[in-house]
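Visitor: Letter by letter, the sequence shown follows residues 8 to 347 in my numbering.
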Amino acid sequence: MDMKKRYALLLGLILLIVGAALLGYRMGWVPQVKAQETTTQRSMILMDTVVDVRVDGRNSAALVERVFQRMAELEKLFSRFIPESEVSAINRAAGDWVEVSPLTLELVELGMEMSRITDGAFDLTIGAVLDLWGFGSDIRRVPEEDELREALATVDFTQVEVNRKQGAVRIPQGTVLDLGGIAKGFIVGQGIEILRDAGVERALINAGGDISVVGRRPDGRPWRVGVQDPDQPSSIRYVLPLDDQSVVTSGDYQRYFTVEGVRYHHIIDPFTGYPARGLRSVTIVGDDPAMCDAISTAVFVLGWAEGRALVERLPGVEAILVTDTDAWISPGLAEAMASQ
Ligand code: AMP
Ligand code: MG
């Protein structure tokens, strides 16, 4: 075969391959990259729950990765059940100043502010009381009155000190910081911030039912988020529209144990030392997930009347309060639900 024929054959072969590839592409035999296929969704266990991150748009896979990485890093800083965490360091060194990273300082300061705003219904120094009930460990029991009294004496958010210049925190000896009522929201908020900074138009982070969204759904309507029924947590009782917002729920069905027919759950009234009674669940909708998180815990503690008063006092905060027999939906949320 002379050179010309060889070239012609080679050219023919190349054309055939390219043609076949093009045909396959058009017929859908080979994967196509379409605009809407740049959605990335992934789940991971973090903060004791399943966390789901969905991001739409360019670079979505890398962004989801970054969000998970950041959230995992923050959990390692904030969990008092991880001995190497900065919150554990503060608790171990109670009585002395402990230098922490800027985000730990920010979370502690926000925890203090939320304790002030809620008049101590949310109190970040509740740790010693939680320990008596055994939340966070496997041994759960009803504590004795005098044990509770002793632990309650260590609960006082006004005693937490922060030195911004040094980046340091100090709590009194005997006090135990617990950020379980705010850290999840804060961590989700940090994930959302990464996505907003990257210019993402549409995203959703779901941390065990506490959900924050960026933007709206692909069809331009608000996201729709279900709120569980406290009596039947596997079924949805309300559907809320979410538009660039966060929703957080505190409920007595989330973590509890039962002794002689009485349910003891993980949201403790800092004024009595006992699980807060009255409400079954509190759902808060607002702009900042960390604040929503702390407010949901505080409203649960405050109960039907005072909890409702707190919601009405806070601008931009909507809520659903559920008791065994009744429910209250804040007017702004009721309106949004009706028009979705
Ligand atoms: P949440 O599910 O957001 O209501 O938070 C409940 C968690 O917050 C518990 O597991 C505790 O770690 C912590 N906690 C319980 N009671 C209080 C309280 N009164 N103030 C602050 N944190 C609390
Ligand atoms: Mg909370």
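Glycine included, each C-beta is placed from N, C-alpha and C at the ideal position.
These numbers were taken from a predicted model, which means no experiment stands behind them.
For a minimum of 3 consecutive residues, which ranges assigned as the beta strand (DSSP E) are wholly contained in the stretch 38-79?
Guide: The qualifying runs are 47-53, 56-62.
Visitor: Might you give, ordered along the chain, the residues of its own chain that have their beta carbon closer than 6 angstroms to the beta carbon of I194, omitting 5 neighbours on each side?
Guide: So the list reads M78, L81, once near-sequence residues are dropped.
Visitor: Return yes when at least one heavy atom of ligand 1 lies under 7 angstroms from the C-beta of P277, else no.
Guide: Answer for P277: yes, Cβ within range of ligand 1.
Visitor: Please name the residue, chosen from D276, R244, R123, L139, that lies closest to W335 on a Cα-to-Cα basis.
Guide: Of the candidates D276, R244, R123, L139, the one whose C-alpha sits nearest the C-alpha of W335 is R244.
Visitor: Between L184 and the rest of its own chain, which residues show a CB-CB distance below 7 angstroms, the 5 nearest in sequence each way excluded?
Guide: Contacts found: R87, V94, I97, N98, L131, T132, G134, I178.
Visitor: By alpha-carbon positions, which one of Q197, I21, G216 ends up nearest to V232?
Guide: Here the closest residue by C-alpha is G216.
Visitor: With a Cβ-Cβ cutoff of 8 angstroms, do E325 and L309 count as a contact?
Guide: Contact flag unset, no.
Visitor: I'd like the ranges of any beta strand (DSSP E) spanning at least 3 consecutive residues and lying wholly in the stretch 138-201.
Guide: Runs of the beta strand (DSSP E) inside the stretch 138-201: 168-170, 175-177.
Visitor: Figure out for me which residue from E120, Q166, A69 has the closest Cα to the Cα of A101.
Guide: Out of E120, Q166, A69, Q166 has the C-alpha closest to the C-alpha of A101.
Visitor: Please confirm whether any heavy atom of ligand 1 lies closer than 7 angstroms to the CB of I274.
Guide: It does: the Cβ of I274 is within 7 angstroms (strictly closer) of some heavy atom of ligand 1.
Visitor: Please report how far the alpha carbon of G127 lies from the alpha carbon of K172, in whole angstroms.
Guide: Answer to the nearest angstrom: the Cα atoms are 26 angstroms apart.
Visitor: Anyone know if the C-beta pair for L155 and R61 falls short of 8 angstroms?
Guide: Result no, Cβ atoms of L155 and R61 do not sit closer than 8 angstroms.
Visitor: Is it buried or exposed, Y271, if we count other Cβ atoms within 10 angstroms and call 16 or more buried?
Guide: It is buried - the Cβ of Y271 has at least 16 other Cβ atoms within 10 Å.
Visitor: Beta carbon of F88: closer than 7 angstroms to some heavy atom of ligand 1?
Guide: Answer for F88: no, Cβ out of range of ligand 1.
Visitor: Since S241 and G293 should fall inside the 8 angstroms C-beta cutoff, what is the C-beta to C-beta distance between them, to a whole number of angstroms?
Guide: In fact, because the Cβ distance is near 26 angstroms, the residues do not count as touching under 8 angstroms.
Visitor: Judging by CA-CA distance, which residue of R73, G196, V246 is the nearest neighbour of Q347?
Guide: For Q347, the nearest C-alpha among the options comes from V246.
Visitor: Between T384 and Q239, which are expected to be in contact by the criterion C-beta below 8 angstroms, what is the C-beta distance as a whole number of angstroms?
Guide: Residue 384 cannot be examined here, being either before or after the span of the chain that is shown, 8 to 347.
Visitor: What residues are listed by DSSP as bridge partners for L247?
Guide: For L247, which the question treats as bridged, DSSP gives the partners V232.
Visitor: Based on the DSSP secondary-structure assignment, which residues constitute the bridge partners of W335?
Guide: Note: W335 sits in a beta bridge opposite L328.
Visitor: What are the boundary residues of the alpha helix (DSSP H) that includes V107?
Guide: Counting along the chain, V107 falls outside any alpha helix (DSSP H), and DSSP gives it neither H nor E.
Visitor: If you follow the alpha helix (DSSP H) that V94 is part of, which residue opens it and which one closes it?
Guide: 93-99 is the span of the alpha helix (DSSP H), which, as asked, contains V94.
Visitor: Whose C-alpha, out of V318, T279, D331, K11, is nearest the C-alpha of P150?
Guide: If we check each option's Cα against that of P150, T279 comes out closest.
Visitor: Could you check if I133 belongs to the surroundings of ligand 1, using beta carbon to heavy atom distance under 7 angstroms?
Guide: Yes, the beta carbon of I133 sits closer than 7 angstroms to at least one heavy atom of ligand 1.
Visitor: Looking at T265 and ligand 2, is the gap between the Cβ and the nearest heavy atom below 7 angstroms?
Guide: Not under cutoff, so the answer is no.
Visitor: Taking 7 angstroms as the cut-off, is the CB of G327 close to at least one heavy atom of ligand 2?
Guide: Going by the sequence as given, residue 327 is Ile instead of Gly. No, ligand 2 has no heavy atom inside 7 angstroms of this Cβ.
Visitor: Determine the extent of the beta strand (DSSP E) in which D300 is found, giving its start and end residues.
Guide: Premise fails: D300 lies in the alpha helix (DSSP H), 296-320, not in any beta strand (DSSP E).
Visitor: Give the C-beta separation of V329 and S288 to the nearest angstrom, bearing in mind that I take them to be a contact with Cβ-Cβ under 8 angstroms.
Guide: The Cβ separation is near 5 angstroms, so the contact holds.
Visitor: When the distance is taken between beta carbons, is V220 closer than 8 angstroms to D251?
Guide: Yes, they are a contact pair.
Visitor: Pick helix, strand or coil for I89, following the three-state DSSP scheme.
Guide: Looking at I89 - three-state DSSP - the assignment turns out to be coil, as it is neither helix nor strand.
Visitor: In the DSSP output, what is P240 paired with across the bridge?
Guide: Answer is none; P240 lacks a bridge partner.
Visitor: Secondary structure at L286, three-state DSSP: helix, strand or coil?
Guide: Residue state, collapsed to three classes: coil.
Visitor: Restricting to Cα atoms, I'd like to know which of N213, T265, R209 is closest to G227.
Guide: Checking every option, the nearest Cα to that of G227 belongs to R209.
Visitor: Which of the three DSSP states, helix, strand or coil, is assigned to S122?
Guide: S122: helix per DSSP, three-state reduction.
Visitor: Can you check whether the CB of T111 is closer than 8 angstroms to the CB of F85?
Guide: The answer is yes: Cβ separation under 8 angstroms.
Visitor: According to DSSP, is V115 helix, strand or coil?
Guide: Residue state, collapsed to three classes: helix.
Visitor: Based on the DSSP secondary-structure assignment, which residues constitute the bridge partners of H272?
Guide: Paired residues: Y263.
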